[in-house]
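Participant: According to full-length UniProt numbering, the sequence shown is numbered sequentially starting from 1.
The beta-carbon is built from N, C-alpha and C at its ideal position, and this holds for glycine as well.
Supplied in C-alpha coordinates, the structure appears directly below.
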Amino acid sequence: MHDAGRAGAREAMIMRFEVDSDQVEQASTAVAGSVATVRTEVGALMRNLDALQATWQGPAAAAFGGTVAQWRGAQAQVEGALDAIQAALAAAARTYADAEAAATRMFA
(Lines of atoms letter the chains of each structure in order from A and count residues from 1; the text may use other names and numbers.)
(Lines give C-alpha, C1' and ligand atoms only; values in the text may rest on other atoms or scores of the structure.)
Protein backbone atom coordinates (compact mmCIF):
# COMPACT_ATOMS: atom_id res chain seq x y z
CA MET A 1 0.00 0.00 0.00
CA HIS A 2 2.88 2.31 0.75
CA ASP A 3 4.40 1.67 -2.70
CA ALA A 4 1.09 2.48 -4.37
CA GLY A 5 1.09 5.83 -2.61
CA ARG A 6 4.57 6.58 -3.97
CA ALA A 7 3.56 5.60 -7.48
CA GLY A 8 0.55 7.90 -7.30
CA ALA A 9 2.71 10.78 -6.06
CA ARG A 10 5.24 10.13 -8.83
CA GLU A 11 2.49 10.15 -11.45
CA ALA A 12 1.15 13.41 -10.05
CA MET A 13 4.59 15.00 -10.53
CA ILE A 14 4.82 14.04 -14.21
CA MET A 15 3.69 16.86 -16.46
CA ARG A 16 2.81 16.32 -20.08
CA PHE A 17 2.11 18.99 -22.61
CA GLU A 18 2.02 19.35 -26.34
CA VAL A 19 2.15 22.67 -28.08
CA ASP A 20 2.71 23.95 -31.58
CA SER A 21 4.85 27.02 -30.97
CA ASP A 22 4.32 28.16 -34.56
CA GLN A 23 0.56 28.15 -34.00
CA VAL A 24 0.97 30.13 -30.77
CA GLU A 25 3.14 32.63 -32.66
CA GLN A 26 0.52 32.88 -35.42
CA ALA A 27 -2.14 33.56 -32.80
CA SER A 28 0.05 36.31 -31.34
CA THR A 29 0.41 37.89 -34.78
CA ALA A 30 -3.34 37.61 -35.39
CA VAL A 31 -4.11 39.27 -32.06
CA ALA A 32 -1.65 42.07 -32.86
CA GLY A 33 -3.48 42.62 -36.15
CA SER A 34 -6.83 42.65 -34.38
CA VAL A 35 -5.54 45.17 -31.85
CA ALA A 36 -4.37 47.44 -34.68
CA THR A 37 -7.79 47.14 -36.35
CA VAL A 38 -9.59 47.93 -33.09
CA ARG A 39 -7.39 50.98 -32.55
CA THR A 40 -8.04 52.22 -36.09
CA GLU A 41 -11.81 51.77 -35.76
CA VAL A 42 -11.91 53.35 -32.31
CA GLY A 43 -9.87 56.28 -33.62
CA ALA A 44 -12.41 56.83 -36.40
CA LEU A 45 -15.29 56.55 -33.93
CA MET A 46 -13.68 59.04 -31.56
CA ARG A 47 -13.06 61.54 -34.36
CA ASN A 48 -16.77 61.37 -35.24
CA LEU A 49 -17.84 61.75 -31.61
CA ASP A 50 -15.42 64.64 -31.03
CA ALA A 51 -16.74 66.39 -34.14
CA LEU A 52 -20.29 65.96 -32.85
CA GLN A 53 -19.39 67.28 -29.40
CA ALA A 54 -17.79 70.35 -30.97
CA THR A 55 -21.15 71.34 -32.48
CA TRP A 56 -23.49 70.31 -29.66
CA GLN A 57 -24.33 72.34 -26.58
CA GLY A 58 -26.70 72.01 -23.66
CA PRO A 59 -27.51 69.51 -20.93
CA ALA A 60 -27.89 66.56 -23.31
CA ALA A 61 -24.51 67.36 -24.85
CA ALA A 62 -22.92 67.46 -21.40
CA ALA A 63 -24.46 64.09 -20.53
CA PHE A 64 -23.25 62.70 -23.84
CA GLY A 65 -19.75 63.97 -23.05
CA GLY A 66 -19.81 61.94 -19.83
CA THR A 67 -20.82 58.85 -21.77
CA VAL A 68 -17.99 59.40 -24.24
CA ALA A 69 -15.52 59.77 -21.37
CA GLN A 70 -16.81 56.51 -19.87
CA TRP A 71 -16.37 54.82 -23.25
CA ARG A 72 -12.78 56.07 -23.52
CA GLY A 73 -11.96 54.54 -20.13
CA ALA A 74 -13.55 51.21 -21.04
CA GLN A 75 -11.82 51.16 -24.41
CA ALA A 76 -8.45 51.84 -22.80
CA GLN A 77 -9.01 48.81 -20.57
CA VAL A 78 -9.95 46.65 -23.55
CA GLU A 79 -6.87 47.73 -25.48
CA GLY A 80 -4.68 47.09 -22.44
CA ALA A 81 -6.11 43.59 -22.07
CA LEU A 82 -5.59 42.86 -25.77
CA ASP A 83 -2.00 44.11 -25.54
CA ALA A 84 -1.43 41.82 -22.54
CA ILE A 85 -2.89 38.82 -24.39
CA GLN A 86 -0.67 39.49 -27.40
CA ALA A 87 2.45 39.94 -25.28
CA ALA A 88 1.74 36.73 -23.34
CA LEU A 89 1.19 34.75 -26.54
CA ALA A 90 4.41 36.11 -28.05
CA ALA A 91 6.37 35.27 -24.89
CA ALA A 92 4.85 31.78 -24.74
CA ALA A 93 5.71 31.11 -28.38
CA ARG A 94 9.33 32.19 -27.78
CA THR A 95 9.58 30.13 -24.60
CA TYR A 96 8.22 26.98 -26.24
CA ALA A 97 10.42 27.41 -29.31
CA ASP A 98 13.50 28.01 -27.12
CA ALA A 99 12.72 24.95 -24.99
CA GLU A 100 12.36 22.75 -28.06
CA ALA A 101 15.60 24.09 -29.53
CA ALA A 102 17.43 23.48 -26.24
CA ALA A 103 16.10 19.91 -26.01
CA THR A 104 17.10 19.26 -29.61
CA ARG A 105 20.65 20.53 -28.94
CA MET A 106 20.98 18.05 -26.05
CA PHE A 107 20.68 15.19 -28.50
CA ALA A 108 22.73 16.66 -31.33
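Thinking V31 and L82 are a contact (beta carbons under 8 Å), I'd like their distance in whole angstroms, please.
Facilitator: Correct: roughly 7 Å between the Cβ atoms.
Participant: Only counting the same chain, and skipping five residues up and downstream in sequence, which positions put a Cβ closer than 8 Å to that of R72?
Facilitator: Correct list, in chain order: M46.
Participant: Terminal residues of the continuous alpha helix (DSSP H) containing I85?
Facilitator: Residues 59-106.
Participant: Would you identify the three-state DSSP class for V19, choosing helix, strand or coil?
Facilitator: V19: coil per DSSP, three-state reduction.
Participant: Could you tell me whether the stretch 25-44 touches the stretch 85-102, using the rule of 3 or more Cβ pairs below 8 Å?
Facilitator: Yes, the stretch 25-44 touches the stretch 85-102.
Participant: With burial defined as no fewer than 16 other Cβ atoms inside 10 Å of the residue's Cβ, what is the status of Q86: buried or exposed?
Facilitator: It counts as buried.
Participant: Taking the alpha-carbon of N48 as reference, which of R94, G65, Q77, F17 has the nearest alpha-carbon?
Facilitator: Of the listed residues, the one whose Cα sits closest to N48 is G65.
Participant: Note down the Cα distance separating G58 from Q75, rounded to an integer number of angstroms.
Facilitator: Roughly 26 Å between the two C-alpha positions.
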